[in-house]
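Down below is the structure, laid out as structure tokens.
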Amino acid sequence: MPGRLSNKVALVTGGSRGIGRATALAFAREGAALIGVHYANNIDAAKATIREIETLGSKAVAIGADLRKGKEATDSIKEQFKAAAIAATGAPSLDILVNNAGIAPATSLAQTTEAAFDELMTINLKAPFFLIQALAELIRDNGRIINISTGFTRVAAPTHPAYAASKGALETLTLALAPEFGARGITVNAILPGVTETDMNAAWLADPQARAGAEAMSVFSRLGNPEDVADIIALIASNEARWTTGLSIDATGGARL
Ligand SMILES: NC(=O)c1ccc[n+]([C@@H]2O[C@H](COP(=O)([O-])OP(=O)(O)OC[C@H]3O[C@@H](n4cnc5c(N)ncnc54)[C@H](OP(=O)(O)O)[C@@H]3O)[C@@H](O)[C@H]2O)c1
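Structure below.
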């Protein structure tokens with residue numbers, strides 16, 4: 023049976039690890055033709071993800087760019103993606119863009135330096151903005167733009183104020199862009215994971231008390247795993263989700279309901 027993403031071409035930023043890796047693999051399981059696996063520095067993790075994608079029968083290519091470099095990085099991603107897509111499919115076109123790469127430093131208002139604030143905003147907000155701008159002309163009709171936010175836009179996060187603000191702005195951007203892309207049948211949505219077991223959280227979840235507290239947040243009394251979130255992303259990427267756009271979609275396992 024053909025998958026829900028047969029013949030689709032996707033690009034996942036931060037596809038080397040965590041939620042991005044699980045998303046790239048979910049897309050491969052759904053039959054995507056080509057998946058761009060973007061990474062910052064961890065080429066080994068990107069290559070490992072690519073090998074898993076290829077085992078599932080899809081093509082994949084590594085695309086390296088440090089998003090701390092802002093537009094220079096997003097322009098580089100565009101050029102790398104175009105060359106890879108032409109080589110693999112004969113066209114520079116893209117169907118699904120997932121803006122997933124991000125950082126989430128736990129720094130309070132008082133602890134946040136200007137440099138740290140600027141870096142966070144560059145990776146989490148500026149890079150998705152300019153990547154969408156750069157790739158807009160390559161995204162085919164009825165395509166998908168999916169921005170990965172956080173449940174911290176829905177509940178107060180005094181431990182992560184700058185992070186929460188960066189993702190709140192990403193959700194506002196999602197809403198603002200939906201009409202423009204809607205003209206071509208392209209949906210623009212945000213997905214909001216809750217605490218998900220990835221490298222991002224490994225250090226604090228190693229503390230049993232912190233882990234128990236995180237598990238208790240979800241109505242399912244457990245942590246999310248990357249596949250829990252990736253399956254929702256794959257659903258929004260599919261044709262079945264064509265009639266929903268401009269939305270911020272909860273993927274927290276019912277956290278703090
Ligand atoms: N995990 C959670 O609990 C959780 C909850 C809510 C929202 N989220 C959001 O979900 C997304 C993925 O999180 P995750 O937990 O999967 O993260 P992760 O496991 O830490 O992986 C981060 C990914 O982003 C890439 N990345 C980090 N800094 C980058 C930079 N400067 N330039 C380019 N790429 C960079 C990494 O590339 P390298 O492999 O090359 O380092 C990696 O692929 C993030 O946007 C995060 O805010 C996560």
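Residue 71 in this note's numbering sits at position 49 of the sequence shown, and the numbers go up by one each step. Glycine included, every Cβ here is placed at the ideal spot set by N, Cα and C.
is_contact[residue i, chain D] using C-beta, thresh 8 Å
| i | result |
| --- | --- |
| I208 | Looking for chain D here will not work: only one protein chain is present. |
DSSP state of residue i mapped onto helix, strand, coil
| i | result |
| --- | --- |
| I99 | helix |
| A228 | coil |
| I241 | The residue asked about is misnamed: residue 241 is Val in this sequence, not Ile. Reduced to three states, the DSSP call for V241 is coil. |
| R162 | strand |
| N223 | helix |
| S188 | helix |
| R58 | One detail in the question is off: residue 58 reads as Gly in this sequence, not Arg. In the structure shown, G58 sits in a strand (DSSP, three-state: E or B). |
| V217 | coil |
| K30 | coil |
| N211 | strand |
| N121 | strand |
| L78 | coil |
| L116 | strand |
| G275 | coil |
| N169 | strand |
| A84 | strand |
| G246 | strand |
Distance CB(residue i)-CB(residue j) smaller than 8 Å
| i | j | result |
| --- | --- | --- |
| T96 | V31 | no |
| K69 | A84 | yes |
| R166 | S115 | no |
| A234 | V217 | no |
| L33 | L119 | yes |
| T274 | S240 | yes |
| A191 | I41 | no |
| D272 | L214 | yes |
| G124 | I154 | no |
| N29 | A46 | no |
| G36 | H60 | yes |
| R39 | T220 | yes |
| T71 | R26 | no |
Heavy atom of ligand 1 within 7 Å of residue i beta-carbon
| i | result |
| --- | --- |
| N29 | no |
| N122 | yes |
| V83 | no |
| S270 | no |
| R244 | no |
| D88 | yes |
| N247 | no |
| D140 | no |
| S38 | yes |
| G92 | no |
| V217 | yes |
| G173 | yes |
| N280 | Since the displayed the chain opens at 23 and closes at 279, residue 280 lies outside it and no answer follows. |
| D221 | yes |
| I254 | no |
| A126 | yes |
| A62 | yes |
| G42 | yes |
| I145 | yes |
| A32 | no |
| A67 | yes |
| I161 | no |
| I118 | no |
| I170 | yes |
Cβ-heavy atom distance, residue i to ligand 3, below 7 Å
| i | result |
| --- | --- |
| G276 | Questions concerning ligand 3 fall outside what the structure shown contains, since the ligands it does hold are ligand 1. |
For residue j and residue i, the rounded distance between their alpha carbons
| i | j | result |
| --- | --- | --- |
| E193 | S270 | 7 Å |
| K93 | F152 | 6 Å |
| N211 | T172 | 13 Å |
| A224 | G207 | 39 Å |
| A48 | P248 | 10 Å |
| G86 | A179 | 31 Å |
| L337 | L245 | Given a span of 23 to 279 for the chain in the structure shown, any question on residue 337 remains unanswerable. |
| R73 | R264 | 30 Å |
| L257 | L131 | 36 Å |
| A82 | D140 | 32 Å |
| G53 | P24 | 7 Å |
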